[in-house]
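Position 6, counted from 1, in the sequence shown is what full-length UniProt numbering calls 6; the numbers after and before it change by one each time, with no gaps. Report on the structure given below.
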Amino acid sequence: MGGKSSKFARGARRKATASTSGRGAKVDAVDELRARVHAIMNNLELFEINLKSSIDSGAIDTLNELNLGALNIKRDNL
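Below, the structure is given as C-alpha cells:
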C-alpha cells in the first residue's frame, strides 16, 4: 500500500506543480496585458496633453493676430 500512496503523492505533486506553473503563466500574461494597457493609457494621456497645448497655442496665435489687426486698424485711423 505504501507504494500506491507514494505514486499518488508524486502524481498529486506533479499536478500541483503544473497547475501552479500554469497559473503563473496566466498571471504573467495578465501582468503583461496590464503593463501594455498602462503604457497605452500613458501615451493617450500625453497625446491629449499635447493636443490641448496645441489648441491653446493656436488660440493664442489667433488672438495675437486679431490684436495685431486691431492695432493696425487703429493706427491707420489715426
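The beta carbon of each residue, even a glycine, is placed where N, CA and C say it ideally should be. Fair warning: this is a prediction, and the values are worked out from it, not measured in the lab.
Chain B within 9 angstroms of residue i, Cβ atoms only
| i | result |
| --- | --- |
| Glu48 | You won't find chain B in this structure, because it holds only one protein chain. |
Residue environment, residue i, which counts as buried when at least 16 other CB atoms sit within 10 Å
| i | result |
| --- | --- |
| Leu66 | exposed |
| Asn77 | exposed |
| Met1 | Its pLDDT being 48, under 50, Met1 is placed unreliably by the model, and nothing is read from it. |
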